[in-house]
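>
Chains as they are written, first to last, in our numbering: chain A, 2 to 150; chain B, 373 to 545.
1. Please name the residues in the stretch 481–510 of chain B whose beta-carbon is closer than 9 Å to at least one beta-carbon of chain A, in chain order.
2. Using a Cβ-Cβ distance cut-off of 8 Å, determine whether residue 398 (chain B) contacts chain A.
3. Residue 442 (chain B) CB to nearest chain A CB: under 8 Å?
4. Per DSSP, residue 524 (chain B) is paired with what?
5. Mind checking the stretch 104–118 of chain A against chain B and listing, in chain order, the residues whose C-beta falls within less than 8 Å of any C-beta there?
6. Tell me which same chain residues have a C-beta within less than 6 Å of the C-beta of residue 94 (chain A), skipping the five on either side of it?
7. Return the Cβ separation of residue 509 (chain B) and residue 446 (chain B) in integer angstroms, given the expectation that the two are a contact with Cβ distance under 8 Å.
8. Mind checking which residues open and close the alpha helix (DSSP H) that includes residue 505 (chain B)?
9. Would you mind reading off the limits of the alpha helix (DSSP H) that contains residue 465 (chain B)?
10. For residue 540 (chain B) versus residue 463 (chain B), is the C-beta distance shorter than 8 Å?
11. Please name the residue, chosen from B:465, B:524, B:374, B:483, that lies closest to residue 504 (chain B) on a Cα-to-Cα basis.
12. For a cutoff of 8 Å on Cβ pairs, would you count residue 86 (chain A) as touching chain B?
13. Any idea if residue 87 (chain A) is buried or exposed, counting beta-carbon neighbours within 10 angstroms, 16 or more meaning buried?
14. Tell whether a beta-carbon distance below 8 Å holds between residue 528 (chain B) and residue 448 (chain B).
15. Counting only the same chain and skipping the five closest in sequence on each side, list residues whose C-beta sits under 6 Å from that of residue 64 (chain A).
16. For residue 425 (chain B), which of B:375, B:490, B:385 has the nearest alpha-carbon?
17. Could you give the distance in angstroms between the alpha-carbon of residue 50 (chain A) and the alpha-carbon of residue 468 (chain B)?
18. For a cutoff of 8 Å on Cβ pairs, would you count residue 402 (chain B) as touching chain A?
19. State yes or no: is the C-beta of residue 397 (chain B) within less than 8 Å of the C-beta of residue 442 (chain B)?
20. DSSP state of residue 438 (chain B), grouped into three classes?
21. Who are the Cβ neighbours of residue 407 (chain B) in its own chain at under 8 Å, not counting the five residues just before and after it?
22. Using a C-beta to C-beta distance shorter than 9 Å, which residues of chain B count as neighbours of residue 62 (chain A)?
23. Give, in chain order, every unbroken run of the alpha helix (DSSP H) that is at least 4 residues long and sits entirely within the stretch 68–124 of chain A.
24. Quick one: give me the first and last residue of the beta strand (DSSP E) that residue 414 (chain B) is part of.
25. Would residue 96 (chain A) pass as a contact of residue 104 (chain A) if the rule is Cβ separation under 8 Å?
26. Work out the CA separation of residue 460 (chain B) and residue 430 (chain B) for me, nearest whole Å.
27. Please state if the CB of residue 507 (chain B) and the CB of residue 470 (chain B) are separated by a distance shorter than 8 Å.
28. List the residues of chain B whose Cβ lies closer than 7 Å to the Cβ of residue 59 (chain A), in chain order.
29. Assign residue 450 (chain B) to one of two classes, buried (16 or more other C-beta atoms within 10 Å of its C-beta) or exposed (fewer than that).
30. Output the distance between the C-alpha atoms of residue 138 (chain A) and residue 147 (chain A), rounded to the nearest integer angstrom.
31. From residue 531 (chain B) to residue 71 (chain A), what distance separates their C-alpha atoms?
32. So which residues of chain A does residue 418 (chain B) contact, with C-beta pairs closer than 9 Å?
33. Given a cut-off of 8 Å on the beta-carbon distance, is the pair residue 59 (chain A) and residue 46 (chain A) in contact?
34. Would you please verify whether the beta carbon of residue 405 (chain B) is less than 8 Å from any beta carbon of chain A?
35. Consult DSSP for residue 42 (chain A) and reduce its assignment to one of helix, strand or coil.
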């Protein structure tokens with residue numbers, strides 16, 4: 002009887018615990034989501050910190066806003082869109098690809114290309130000077146004479 | 373000739389970009405809200421007697437929204453200019469009291485003068501977030517249809533007031 006009772010207690014407490022485990026998992030996922038989102042949003046008043054890192058009053062307000070939007074069932078993209086529509090692309094740490102930001106994305110490659118072209122012409126110019134120029138007998142004789150002096 | 377001039381040219385271009393960069397204000401964030409309609413809001417007035425303020429009630433004529441707080445130093449800097457603007461009676465100035473204590477705000481206005489024709493209270497800064505506010509004071513110019521035409525972050529000066537009036541003149545009547 003005693004054994005049965007204690008078994009029952011174990012089973013009941015397990016059953017009671019189960020939904021709690023579920024909730025714990027869910028809130029952990031939620032925390033993770035909030036953290037990831039606020040980590041890629043820039044704090045407007047302390048510009049080299051993300052919302053997640055910042056303790057500034059506005060950052061706290063915006064973090065709360067993110068939480069609220071998540072609770073309303075908004076997707077990450079919708080929340081990003083919400084912030085961008087109010088604070089501009091500036092609020093994103095990862096600048097989107099646009100006509101205006103094209104130079105930012107392609108600039109380094111453009112410079113690299115330019116450098117490669119310059120390097121190529123530099124190298125081929127050098128070849129002409131050392132390789133294919135020929136001198137007359139007299140020039141060579143003068144040069145040797147100068148070297149021996 | 374080109375060979376010798378090109379480093380100079382590169383230098384000039386680079387110096388040009390850097391010089392421009394020196395004069396940019398990194399704190400100034402271009403607002404994506406320009407040309408957009410103001411968000412709907414419903415705010416309680418500052419004093420107990422003052423009625424609720426609905427965003428729709430403000431429409432019909434161009435008006436200015438000025439975000440202020442009694443705890444904000446720069447708000448005091450721009451205050452004389454706001455008073456001056458209010459005295460011209462040229463435009464309705466709506467004050468958005470941002471994350472402030474109402475009795476502090478009332479005292480502040482009594483002490484320094486009240487340039488606002490109506491005031492809405494935003495104790496948690498919720499409406500301010502909808503307006504993309506990130507630094508007080510901020511000032512918006514709204515046209516009669518409720519579209520944001522101009523935004524200024526930081527204390528107003530004579531130049532900004534002139535700019536506001538210039539935009540105001542260009543607005544269709």
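We put the CB at the ideal spot given by N, CA and C, even for glycine.
Just so you know, these numbers come straight off a predicted model, no measurement behind them.
By the coordinates alone:
1. Cβ contacts with chain A come from 496, 497, 498, 500, 501, 502, 503, 504, 505, 506, 507.
2. Position 26 of the second chain, counted from the first residue, corresponds to residue 398 (chain B). For residue 398 (chain B), at least one C-beta of chain A is nearer than 8 Å to its own C-beta.
3. Translated into the one-based positions of the second chain, residue 442 (chain B) becomes position 70. Under the 8 Å criterion on CB atoms, residue 442 (chain B) is classed as non-interfacial with respect to chain A.
4. Position 152 of the second chain, counted from the start, is the residue given in the question as residue 524 (chain B). Looking at the DSSP output, residue 524 (chain B) sits in a beta bridge with B:511.
5. Against chain B - using a Cβ distance shorter than 8 Å - the stretch 104–118 of chain A contributes no residues.
6. Residue 94 (chain A) sits at position 93 when you count from the first residue of the first chain. Correct list, in chain order: 41, 43.
7. Within the second chain, numbered from 1, the residue matching residue 509 (chain B) stands at position 137. Within the second chain, numbered from 1, the residue matching residue 446 (chain B) stands at position 74. Contact between residue 509 (chain B) and residue 446 (chain B) holds: their C-beta atoms lie close to 6 Å from each other, under 8 Å.
8. Sequence index remark: in the second chain, residue 505 (chain B) carries index 133 (1-based). Careful: residue 505 (chain B) lies outside any alpha helix (DSSP H) and carries neither H nor E.
9. Here residue 465 (chain B) is taken as the residue at index 93 of the second chain, counted from 1. Counting along the chain, residue 465 (chain B) falls outside any alpha helix (DSSP H), though it belongs to the beta strand (DSSP E) covering 464–470.
10. The sequence position of residue 540 (chain B) within the second chain is 168, counting from 1. The sequence position of residue 463 (chain B) within the second chain is 91, counting from 1. Less than 8 Å divides the Cβ of residue 540 (chain B) from the Cβ of residue 463 (chain B).
11. Reading the second chain from its first residue, position 132 is the one you call residue 504 (chain B). Residue nearest to residue 504 (chain B) within the set B:465, B:524, B:374, B:483 is B:524 (criterion: CA-CA distance).
12. Mapped onto the first chain, residue 86 (chain A) falls at position 85. Yes - at least one Cβ of chain B is within 8 Å of the one on residue 86 (chain A).
13. Taking the first residue of the first chain as 1, we reach residue 87 (chain A) at position 86. By the neighbour-count rule (16 or more Cβ atoms within 10 Å), residue 87 (chain A) is buried.
14. Here residue 528 (chain B) corresponds to residue number 156 of the second chain, with the count starting at 1. Here residue 448 (chain B) corresponds to residue number 76 of the second chain, with the count starting at 1. Their beta carbons are not under 8 Å apart, which means residue 528 (chain B) does not touch residue 448 (chain B) by this criterion.
15. In the first chain, residue 64 (chain A) corresponds to position 63, counting from 1. Within its own chain, the residues whose Cβ lies closer than 6 Å to the Cβ of residue 64 (chain A), once the five positions on either side in sequence are excluded, are 39, 52, listed in chain order.
16. Here residue 425 (chain B) refers to the residue found at position 53 of the second chain. The option with the nearest alpha carbon to residue 425 (chain B) is B:490.
17. Within the first chain, the letter at position 49 stands for residue 50 (chain A). Within the second chain, the letter at position 96 stands for residue 468 (chain B). Each residue's alpha carbon lies about 27 Å from the other.
18. Position 30 of the second chain, counted from the first residue, corresponds to residue 402 (chain B). Judged by the 8 Å Cβ criterion, residue 402 (chain B) is in contact with chain A.
19. Walking along the second chain from the start, residue 397 (chain B) turns up at place 25. Walking along the second chain from the start, residue 442 (chain B) turns up at place 70. In this structure, residue 397 (chain B) lies away from residue 442 (chain B), with their beta-carbon atoms at least 8 Å apart.
20. Numbered from 1 along the second chain, position 66 holds the residue referred to as residue 438 (chain B). Per DSSP, reduced to three states, the secondary structure at residue 438 (chain B) is strand.
21. Translated into the one-based positions of the second chain, residue 407 (chain B) becomes position 35. Excluding five sequence positions before and after residue 407 (chain B), the CB atoms of its chain that fall closer than 8 Å to its own CB belong to 519, 520, 521, given in chain order.
22. As a position in the first chain, residue 62 (chain A) is number 61, starting the count at 1. Simply 471, 496, 497, 498, 500, 501.
23. The alpha helix (DSSP H) runs of length 4 or more contained entirely in the stretch 68–124 of chain A are, from start to end of the chain, 77–88.
24. Residue 414 (chain B) sits at position 42 when you count from the first residue of the second chain. Residue range 414–417 is occupied by the beta strand (DSSP E) that includes residue 414 (chain B).
25. Position 95 of the first chain, counted from the start, is the residue given in the question as residue 96 (chain A). Position 103 of the first chain, counted from the start, is the residue given in the question as residue 104 (chain A). Not closer than 8 Å, so no.
26. On the second chain, position 58 is the one that residue 430 (chain B) refers to. On the second chain, position 88 is the one that residue 460 (chain B) refers to. Taking the straight line joining both Cα atoms gives about 19 Å.
27. In the second chain, residue 470 (chain B) corresponds to position 98, counting from 1. In the second chain, residue 507 (chain B) corresponds to position 135, counting from 1. A distance of 8 Å or more separates the beta carbons of residue 470 (chain B) and residue 507 (chain B).
28. Position 58 of the first chain holds residue 59 (chain A). Within chain B, the residues placing a beta-carbon under 7 Å from that of residue 59 (chain A) are 506, ordered along the chain.
29. Counted from its first residue, the second chain places residue 450 (chain B) at position 78. Buried, since its Cβ has 16 or more Cβ neighbours within 10 Å.
30. Mapped onto the first chain, residue 138 (chain A) falls at position 137. Mapped onto the first chain, residue 147 (chain A) falls at position 146. Note on geometry: alpha-carbon atoms of residue 138 (chain A) and residue 147 (chain A) lie some 14 Å from one another.
31. Mapped onto the second chain, residue 531 (chain B) falls at position 159. Mapped onto the first chain, residue 71 (chain A) falls at position 70. Rounded to whole angstroms, the separation of the alpha carbons of residue 71 (chain A) and residue 531 (chain B) is 42 Å.
32. Position 46 of the second chain, counting from 1, holds the residue named residue 418 (chain B). Chain-ordered listing is empty here: chain A has no CB closer than 9 Å to the CB of residue 418 (chain B), the nearest sitting near 21 Å.
33. Indexing the first chain from 1 puts residue 59 (chain A) at position 58. Indexing the first chain from 1 puts residue 46 (chain A) at position 45. Contact flag set, yes.
34. For the purposes of this step, residue 405 (chain B) is taken as the residue at position 33 of the second chain. Closer than 8 Å: yes.
35. Sequence index remark: in the first chain, residue 42 (chain A) carries index 41 (1-based). It is a strand residue.
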